[in-house]
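> I have a structure I would like to understand better, so I am pasting it below and will then ask my questions one at a time.
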Amino acid sequence: MRCGSVALEAPVAASTSTGTTAAAALAALPVKGRAPKTGYSRAQFGARWADVDRNGCDQRNDVLRRDLDRTVLRGRCTVVAGLLRSLYTGRIVEFRRGPDTSDDVQIDHVVALSNAWQTGAQQLSPAEREQLANDPLNLVAVEGEVNRSKGDGDAATWLPPLQAARCGYVARQVAVKTRYRLWVTPPERDAIARVLGTCPDQELPM
């Protein structure tokens, strides 16, 4: 992976606002314990990178095209190169598609799918789970090493290394959980509330 340590002004993934604060939306989410992981598999969330918006391009390439600068395309959809301005670390990472380089930039599920499964997604329909897994609101291009360090962690166990990104990150988690009628665990709720306490006017993205 080729990357730099160039400082950026609080990078923000593309989204629009609902006019509601994330803190208010968090207060409206149900709070419950984590359900068993029994039955979870990636296959429960449908086709990987499904073209849910039906624009003819898979969701991974849609997110790369949204989140990378200076993108180079092969054909109409496939992103073969670009620069990632990392939302989670503030670093600039060069992306080049290839067997040894594609994983330098990965797509993070802001609400990890196993977390979603254990906080209400078991009750969603298969179509709703596929939408959740491919919803642009729940997808962000990040460095592969950062995505691996997060794993399936929630806000109680993992937050972006870049402190300036944390308010937007947890607001996005709240937005996803609100949209898909998921709940938060008590530690997760408390961790999100601590972050939002530093930015009480943070708006809920949509």
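Oh and the sequence shown: position 75 is 104 in the working numbering, straight run, nothing missing.
Beta carbons are placed, not taken as given, at the ideal position from N, Cα and C, and that holds for glycine.
(1) Quick check on this structure: which residue in K179, N144, V122, G85 has the alpha carbon closest to the alpha carbon of R105?
(2) Name the residue from G119, A52, V101, A185 whose alpha carbon lies nearest to the alpha carbon of A141.
(3) Tell me, please, which residues DSSP counts as bridged to A170.
(4) Please classify G62 as buried or exposed, where buried requires at least 16 other C-beta atoms within 10 Å of its C-beta.
(5) I'd like the list of long-range same chain contacts for A222, defined as Cβ closer than 8 Å, with 5 residues on each side in sequence excluded.
(6) Between the Cα of G149 and those of F124, L211, Q231, A162, spot the shortest distance and give me the residue it belongs to.
(7) Does the region 122 to 131 come into contact with the region 198 to 213, if we say contact requires no fewer than three beta-carbon pairs (one atom in each stretch) closer than 8 Å?
(8) I'd like the list of long-range same chain contacts for G111, defined as Cβ closer than 7 Å, with 5 residues on each side in sequence excluded.
(9) Kindly provide the ranges of any beta strand (DSSP E) runs that are 3 or more residues long and lie completely inside the region 95 to 140, ordered along the chain.
(10) Helix, strand or coil for G197 per DSSP?
(11) Pairs of beta-carbons, one from the region 153 to 169 and one from the region 71 to 79, closer than 8 Å: are there three or more?
(12) If we ignore side chains and look at the alpha-carbon of each, how far apart do V122 and D132 end up?
(13) Starting from L225, trace the beta strand (DSSP E) both ways and give me its first and last residue.
(14) Verify whether the separation of the beta carbon atoms of V224 and V199 is less than 9 Å.
(15) Would E217 pass as a contact of D183 if the rule is Cβ separation under 9 Å?
(16) What number of angstroms, rounded off, separates the C-alpha of V213 from the C-alpha of A220?
(17) Would you list the one or two residues that DSSP bridges to E232?
(18) Kindly give me the distance between the Cβ atoms of E232 and T47, rounded to whole angstroms, as I take these residues to be in contact under 8 Å.
Considering the structure as presented:
(1) If you number the sequence shown from 1, residue 105 lands on position 76. Checking every option, the nearest Cα to that of R105 belongs to G85.
(2) Reading the sequence shown from its first residue, position 112 is the one you call residue 141. Closest by alpha carbon: A185.
(3) Start at 1 with the first residue of the sequence shown, and residue 170 comes out as number 141. Note: A170 sits in a beta bridge opposite I136.
(4) Here the question's residue 62 lines up with position 33 in the sequence shown. Per the 10 Å Cβ criterion, exposed.
(5) As a working mapping, residue 222 is identified with position 193 in the sequence shown. A52, L55.
(6) Numbered from its first residue, the sequence shown carries residue 149 at position 120. With distances taken between Cα atoms, G149 lies closest to L211.
(7) no
(8) Against the sequence shown, residue 111 aligns to sequence position 82. L93, L97, D98, R99, T100, V101, F124, listed in sequence order.
(9) 97 to 103, 107 to 114, 121 to 125, 134 to 138
(10) Numbered from its first residue, the sequence shown carries residue 197 at position 168. DSSP places G197 in helix when its eight states are reduced to three.
(11) Taking 8 Å as the limit for Cβ pairs, the verdict is that the region 71 to 79 does touch the region 153 to 169.
(12) As a working note, residue 122 is residue 93 in the sequence shown. As a working note, residue 132 is residue 103 in the sequence shown. Distance between the alpha carbons of V122 and D132 is about 12 Å.
(13) Stepping through the sequence shown from its first residue, residue 225 is reached at position 196. Careful: L225 lies outside any beta strand (DSSP E), inside the alpha helix (DSSP H) at 215 to 225.
(14) Residue 224 sits at position 195 when you count from the first residue of the sequence shown. Residue 199 sits at position 170 when you count from the first residue of the sequence shown. Pairing V224 with V199 gives a Cβ-Cβ distance under 9 Å.
(15) For the purposes of this step, residue 217 is taken as the residue at position 188 of the sequence shown. For the purposes of this step, residue 183 is taken as the residue at position 154 of the sequence shown. Yes, the pair counts as a contact, with Cβ atoms nearer than the cut-off.
(16) On the sequence shown, residue 213 is found 184 positions in, with the first residue counted as 1. On the sequence shown, residue 220 is found 191 positions in, with the first residue counted as 1. In this structure, the alpha-carbon of V213 lies about 10 Å from that of A220.
(17) For the purposes of this step, residue 232 is taken as the residue at position 203 of the sequence shown. Paired residues: T50.
(18) Against the sequence shown, residue 232 aligns to sequence position 203. Against the sequence shown, residue 47 aligns to sequence position 18. With a Cβ gap of about 7 Å, E232 and T47 count as contacting.
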